[in-house]
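For the sequence shown, the working numbering gives the first residue as 12, with consecutive numbering after it. Every residue, glycine too, gets a C-beta built ideally from N, C-alpha and C.
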Amino acid sequence: MATNHTIFISHSWDHTDDLDNLRRLLNDRGYFNVEFKEVSRYEPINSDNAAYIKTKLREKIQSSGIVIGLAGIYASHSPWMEWELDYALSINVPVIGVIPWGRTRSSNTVTDRSIEDVNWNTESIVGAIRRNSL
Numbered sequence: 012m013a014t015n016h017t018i019f020i021s022h023s024w025d026h027t028d029d030l031d032n033l034r035r036l037l038n039d040r041g042y043f044n045v046e047f048k049e050v051s052r053y054e055p056i057n058s059d060n061a062a063y064i065k066t067k068l069r070e071k072i073q074s075s076g077i078v079i080g081l082a083g084i085y086a087s088h089s090p091w092m093e094w095e096l097d098y099a100l101s102i103n104v105p106v107i108g109v110i111p112w113g114r115t116r117s118s119n120t121v122t123d124r125s126i127e128d129v130n131w132n133t134e135s136i137v138g139a140i141r142r143n144s145l
């Protein structure tokens, strides 16, 4: 029986194309079962209450076996991404950094918190998930 990987992808709302592309890349990989837990524009929390949002994010991160931080430089300007990654580490959920396709620079917000960083390559990302997921 194949392992089902539960993944929370920490991303910037201003760069949802990277999220969509990563989800598609992982969904299209044969023999790799994945369930996504993050909040996306398709499944928003629909609240401006930060405490409520954090409660919902905690639930999603707690139910994940790994957190992927999209390590585009924009992550350095996202307090939500920083909070998500720090929360994952505080409950011992491993974080891996994925450098988005075509980027040469990455964010220290992600790379300083990740157990492993990989470039945008299906096999590299899948391998990191398999090696590090709970």
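Nonlocal neighbours in the same chain, by C-beta distance under 8 Å from residue i, ignoring five residues either side
i	result
Leu100	Val106, Arg124
Asp128	Ala82, Ile107, Gly108, Val109, Ile110, Ser117, Val121, Thr122
Asp25	Tyr85
Exposure label - residue i; buried when at least 16 CB within 10 Å
i	result
Ser117	buried
Glu134	exposed
Ser89	buried
Beta-carbon spacing of residue i, residue j below 8 Å
i	j	result
Phe43	Val109	no
Asp27	Ser51	Note that residue 27 corresponds to Thr in the displayed sequence, not to Asp. Yes; because the gap between Cβ atoms is below 8 Å, this pair is in contact.
Ser23	Tyr85	yes
Cut-off 6 Å between Cβ atoms - residues of its own chain near residue i, not counting five sequence neighbours on either side
i	result
Trp112	Trp131
Ser144	His16, Gly76, Ile77
Lys71	Phe19, Lys48
Ala139	Ile107, Glu127, Val129
Under the three-state DSSP convention, the category residue i falls into
i	result
Asn132	coil
Asn119	helix
Gly80	strand
Ser101	helix
Glu7	Absent from the structure is residue 7, since the part of the chain shown begins at 12 and ends at 145.
Val109	strand
Ser87	helix
Val45	strand
His26	helix
Ile72	helix
Whole-angstrom C-beta distance between residue j and residue i, which should lie under 8 Å
i	j	result
Arg69	Tyr98	6 Å
Val45	Leu37	5 Å
Ser87	Asn119	6 Å
Beta-carbon contacts of residue i that lie in its chain and below 7 Å, excluding the five residues immediately before and after
i	result
Ile126	Pro105, Val106, Ile107, Asn143
Asp29	His22, Leu81, Gly83, Pro111
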